[in-house]
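Residue numbers (the numbering used here), protein chains in the order written: chain A, 1459 to 1569; chain B, 633 to 903.
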């Protein structure tokens, strides 16, 4: 795991208010309004997505919602989660910040 | 754009009713009026009431129609252009204008774009798909170029009605999806019939050694339908609306993969 990723875990993440997302057939589908990139999230990614409230650091989401539920080591969960967050943040789907993120810029979780 | 029209009150008019969305075209040129009247003969409405108006100004010299269409939103107005035309439409007043040459393909492309944009606001979309009505039910056959839209259209049984071999018009009415015929022809160069029916199923086309229908998981179905929607404006609000429309469509309409060998037997499976 590189240093950038370790730093990423300490950050706050929030769903962008601009994105289009829908849960269909048990799968979370998301489309970037910026470049129309389409994503289908797996179970772990969906949990992170739904927990991305702008108030909870990524590290806490991993420790509280990923590791206890999914059969994955802490290091592996951290590496996968940070990679996922980096990818979605590139497309404007997740917001990443050193500070908690105001509710005006984030979206309620899709159901 | 202002309300002022580039076409004066004594203009020649036709109303082209595609997908239950009549658009009035106004122009001064009698020969071009006749050309359009003939081209869209099956889709002309005798009712002068239209949901949108487009003034045609034949001000440009003839140019090739190849090239990319550029669509953007400028101060709330839809602006769409290509080398052979430049159009602007106010979605609030529903009045627009197009400057083009005498080439009918210019207005044809502009109409596709305008319908596509208007449809998005109503929960529908234009889809790269052939479509046909059989036994009162509409079937869509979706795929990009080379997938088999023209082939399956050319094999259509006599008692079925071809709606289009190229661009399917899917609108949402009373909570269900309706496929409408269009004059937007593909390689068959055959205009669709001016008819409509509830969509029974959508097939993702693939050519193969034998005919078979397979299930498609919901994520793939959504992704493929989204990929095949004619999408014109990279506007975040429209992307969001279109995404929601595609998801709702996939939730309501069975989407299957149709692998087919190009002969008449494929239509035995489409009932």
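From the three backbone atoms N, C-alpha and C, an ideal C-beta is built for every residue, glycine too.
**Message:** Does residue 776 of chain B pass the burial test, meaning 16 or more other C-beta atoms within 10 Å, or should it be called exposed?
**Reply:** exposed
**Message:** If contact is defined by three or more beta carbon pairs under 8 angstroms, each pair taking one atom from either stretch, is the segment 1507–1514 of chain A in contact with the segment 1550–1562 of chain A?
**Reply:** yes
**Prompt:** Exposed or buried, what is residue 884 of chain B when buried is set at 16 or more other beta-carbons lying within 10 Å of its beta-carbon?
**Reply:** exposed
**Item:** Distance CB(residue 795 of chain B)-CB(residue 824 of chain B) smaller than 7 angstroms
**Value:** yes
**Prompt:** Going by Cα to Cα distance, which pick from A:1548, A:1536 and A:1553 is closest to residue 1502 of chain A?
**Reply:** A:1536
**Asked** Which residues in chain A sit within 9 angstroms of residue 663 of chain B, going by Cβ to Cβ distance?
**Response** Those within 9 angstroms of residue 663 of chain B in chain A number zero; the least Cβ separation is about 41 angstroms.
**Asked** Checking contacts by CB at 7 angstroms: is residue 1495 of chain A closer than that to chain B?
**Response** no
**Message:** Helix, strand or coil for residue 824 of chain B? Go by DSSP, reduced to three states.
**Reply:** coil
**Prompt:** Which stretch, first to last residue, makes up the beta strand (DSSP E) that contains residue 1549 of chain A?
**Reply:** Premise fails: residue 1549 of chain A is in no beta strand (DSSP E) and is neither H nor E.
**Prompt:** Just how far apart, CA to CA, sit residue 660 of chain B and residue 739 of chain B?
**Reply:** 15 angstroms
**Request:** Answer yes or no: do residue 732 of chain B and residue 787 of chain B have a C-beta to C-beta separation smaller than 7 angstroms?
**Result:** no
**Prompt:** With burial defined as no fewer than 16 other Cβ atoms inside 10 Å of the residue's Cβ, what is the status of residue 1491 of chain A: buried or exposed?
**Reply:** buried
**Prompt:** Is residue 725 of chain B close to chain A, meaning its C-beta is less than 7 angstroms from at least one C-beta of that chain?
**Reply:** no
**Asked** Are the CB atoms of residue 1489 of chain A and residue 875 of chain B nearer to each other than 7 angstroms?
**Response** yes
**Prompt:** Is the CB of residue 865 of chain B under 7 angstroms away from at least one CB in chain A?
**Reply:** no
**Prompt:** If you draw a straight line from the alpha carbon of residue 682 of chain B to that of residue 646 of chain B, how long is it in whole angstroms?
**Reply:** 10 angstroms
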